[in-house]
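Novice: With the numbering used here, letter number 110 in the sequence shown gets 491, and the count goes up by one each step, no holes. Could you have a look at this structure, given as structure tokens, before my questions?
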Amino acid sequence: MKEDTEAGSSTNVVNGQKTSNGEDQKVAFYKLFTFADRLDVVLMIVGTLSSVANGFAQPLMTLIFGQLINSFGTSGRSDIVKEVSKVALKFVYLAIGSGIASLLQVSCWMVTGERQSTRIRALYLKTILRQDIGFFDTETNTGEVIERMSGDTILIQDAMGEKVGKFIQLLATFFGGFAIGFVKGWLLALVLLSSIPPLVVAGGVMALIMSKMSSRGQVAYAEAGNVVDQTVGAIRTKHAIENYNSKLKVAYNSAVQQGLASGLGLGTMLFIVFATYALAIWYGSKLIVEKGYNGGQVMTVIISIMTGGMSLGQTSPCLNAFAAGQAAAYKMFETIKRKPKIDPYDTTGMVLEDVNGEIELKDVYFRYPARPEVQIFSGFSLQVPSGTTTALVGQSGSGKSTVISLVERFYDPDSGQVLIDGVDLKKLKLSWIREKIGLVSQEPILFATSIKENIAYGKENATDQDIRTAIQLANAAKFIDKMPE
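Written as structure tokens, this is what we have:
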């Protein structure tokens, strides 16, 4: 019987990151850690505490730096080395603590991120293999599965791994820096706060402009690549070169504008930073004269506030990674939670002790999920008596392959019944049904392994004798035995 493939894959596959009206789809951030086990929880707790400790290291350094400055101004010449040595020893202690905290921070978050992403990848593949055929017709395809297994899991791992530790560290530096700044000199700290809004605005505008220019350049390069692809297929040299050059010119102009925006933005930010330093030092000197501040106190406030402010600005890559991971996780998590209509892992159902092999389709109505507008069967009935050979003949799309798909229970009919020995397939154990039916399609697929292993895939826990029997029943023993291996 000639097999025809009738249920094509749907081309309109949801990408899992946009709804039909264009809105973003993503999971809540805390749901990224849904599949964490007890060890992962311990690793995340240790990693979080280490990130906080590591984040406070820089603000604490400003305190020690302030003490260093004061030791030069308040100690006599004979005592300077002694006082500086004490301060230097504090730097050593801070370095040791920061080093240990950094080690625990990075290692804990990277290990737990790898563990959880591996678990998600395995669960996703297991769920995909569990789905019914209709799922692959309408909701996904091979390319999407591969992309999610290879690309999206990397984004998820990035969002729940080292970036989390880095983000916590930067927040700790921000809060620690501002806390120390206000405690040591709130008047100077308030003045320094005036530099934060311009820095944020300048950084945001620069990032926005560079993003737009980069996207425009990428689109232009992609269009230029399409021109080359079309040129290879239909050698229209002169027109192709002109078209290719025009696309490259757009990309070149975008790159130039991106460079100008980057330079202008960086220059603006550095101007604001150094102008803030100038303002802080000038106002700090007034506080020393009028309010009794000392040099170490002023420098501690300046460095701690600026360090805290700049650390907050460095959180942008982490936030971008979180957003990308949340969007990537949406479709994967939805798939993992999906319950198939026909579950191959379902162990319930009847098992017939004595199978005669009588097959009957009774008043079957059926449409493929990918093509609901096409009625394949409308009240179709067929009876295949036990012990007979039946051939189904018809034009492409008439339903020949559909009969086999219904008997194998790849699909269930919209209405009507498919019976084996008078028992509805829905009442029988699914794995038992498929064990009893051998299907050779028009274009069989062989895995890149040995003949023995390919045959063994047809039966769970197949023995060598089972494989040999199958080879003989298929009249394949002669040519297989002649093979060198």
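Virtual Cβ for every residue (Gly too), placed ideally from N, Cα, C.
Looking only at DSSP bridge pairs, what is PHE747 linked to?
Specialist: PHE758
Novice: Just curious, the beta strand (DSSP E) that GLN798 is in, first and last residue?
Specialist: 796-801
Novice: Report all residues from its chain with a CB closer than 7 Å to the CB of GLY726; omit the five preceding and five following residues, and keep chain order.
Specialist: Contrary to the premise, residue 726 reads as Tyr rather than Gly in this sequence. Its chain contains ARG511 as the residues whose beta carbon lies nearer than 7 Å to that of TYR726, once the 5 sequence neighbours on both sides are disregarded; these appear in chain order.
Novice: Is the beta carbon of THR657 less than 8 Å from the beta carbon of THR554?
Specialist: no
Novice: If you check the beta carbons only, do GLN497 and GLY677 fall under 8 Å apart?
Specialist: Pairing GLN497 with GLY677 gives a Cβ-Cβ distance that is not under 8 Å.
Novice: Assign PHE860 to buried or exposed, taking buried as 16 or more other Cβ atoms, counted over all protein chains shown, within 10 Å of its Cβ.
Specialist: exposed
Novice: Just curious, the alpha helix (DSSP H) that GLN550 is in, first and last residue?
Specialist: 543-574
Novice: Does the distance from the C-beta atom of VAL736 to that of LYS817 stay below 8 Å?
Specialist: yes
Novice: Quick one: using the 10 Å Cβ neighbour count with 16 as the cut-off for buried, is THR729 buried or exposed?
Specialist: exposed
Novice: Applying the criterion that 16 or more other CB atoms from any shown protein chain within 10 Å of the CB defines a buried residue, is ASN435 buried or exposed?
Specialist: buried
Novice: Hey, LEU536 and GLY706 are a contact pair by Cβ (cut 8 Å); roughly how many whole angstroms apart?
Specialist: 5 Å
Novice: Check whether the Cβ atoms of GLN793 and LYS807 sit closer than 8 Å, and answer yes or no.
Specialist: Reading the sequence as shown, one finds Asp at residue 793 and not Gln. In contact: ASP793 and LYS807 (Cβ atoms closer than 8 Å).
Novice: Measure how close the beta-carbons of GLY557 and TRP490 come, nearest whole angstrom, since I'm counting them as under 8 Å.
Specialist: That pair is no contact at about 20 Å.
Novice: Go ahead and pull the three-state DSSP assignment for GLU741.
Specialist: strand
Novice: Quick one: Cα of LEU800 to Cα of TYR838, how far?
Specialist: So the alpha carbons of these two residues sit roughly 26 Å apart.
Novice: Mapping DSSP to helix, strand and coil, what is VAL631?
Specialist: helix
Novice: Would you kindly check if the distance between the Cβ of MET425 and the Cβ of THR493 is under 8 Å?
Specialist: yes
Novice: Cutting at 7 Å between CB atoms, please list the residues of its own chain near MET713, excluding the five before and the five after it.
Specialist: Here MET713 has ILE501, TYR505, ARG529 and ASP533 as same chain residues with Cβ atoms under 7 Å from its own Cβ, once five neighbours each way along the sequence are excluded.
Novice: Quick one: complete alpha helix (DSSP H) runs, 4+ long, within the region 808-835?
Specialist: 811-816
Novice: Find out if the Cβ-Cβ distance for the pair ILE740, VAL804 is shorter than 8 Å.
Specialist: Not closer than 8 Å, so no.
Novice: If we ignore side chains and look at the alpha-carbon of each, how far apart do SER479 and LEU700 end up?
Specialist: 24 Å
Novice: Between the C-alpha atoms of MET650 and GLN695, what's the straight-line distance to the nearest angstrom?
Specialist: 13 Å
Novice: For a quick check, are the C-beta atoms of ASP513 and ALA702 less than 8 Å apart?
Specialist: The criterion of a C-beta distance shorter than 8 Å is not satisfied by ASP513 and ALA702.
Novice: With DSSP as the reference, label VAL765 as helix, strand or coil.
Specialist: strand
Novice: Should ILE450 and PHE472 be called a contact, given that it needs their Cβ atoms to be closer than 8 Å?
Specialist: no
Novice: Would you kindly work out how many angstroms separate the C-alpha atoms of THR521 and PHE791, rounded to a whole number?
Specialist: Cα to Cα, the separation comes out at about 16 Å.
Novice: Which residues mark the beginning and the end of the alpha helix (DSSP H) in which ASN856 is found?
Specialist: Going by DSSP, ASN856 is part of no alpha helix (DSSP H) at all; its letter is neither H nor E.
Novice: Taking GLY562 as the reference, which of LEU430, PRO579 and VAL679 has the closest Cα?
Specialist: Here the closest residue by C-alpha is VAL679.
Novice: Using alpha carbons as the reference points, say which of GLY780, LEU733, SER782 and LEU763 lies closest to TRP813.
Specialist: Looking from the CA of TRP813, the closest CA among GLY780, LEU733, SER782 and LEU763 belongs to LEU733.
Novice: According to DSSP, simplified to helix, strand and coil, what is VAL487?
Specialist: Secondary structure of VAL487 (DSSP, three-state): helix.
Novice: Could you tell me the alpha carbon to alpha carbon distance between ALA417 and LYS667, rounded to whole angstroms?
Specialist: 55 Å
Novice: For MET864, which three-state DSSP category applies?
Specialist: It is coil, neither helix nor strand.
Novice: Do the CB positions of ALA570 and ILE653 come within less than 8 Å of each other?
Specialist: No, Cβ-Cβ distance for ALA570 and ILE653 is not below 8 Å.
Novice: On the DSSP letters alone, give me the boundaries of the alpha helix (DSSP H) that ILE785 sits inside.
Specialist: 781-788
Novice: SER452 to ARG419, Cα distance in whole Å?
Specialist: Roughly 49 Å between the two C-alpha positions.
Novice: Taking C-alpha atoms, which residue in ILE481, LEU484, GLU495 and MET442 lies nearest to LEU470?
Specialist: When the alpha-carbon of LEU470 is set against those of ILE481, LEU484, GLU495 and MET442, the nearest one is in MET442.
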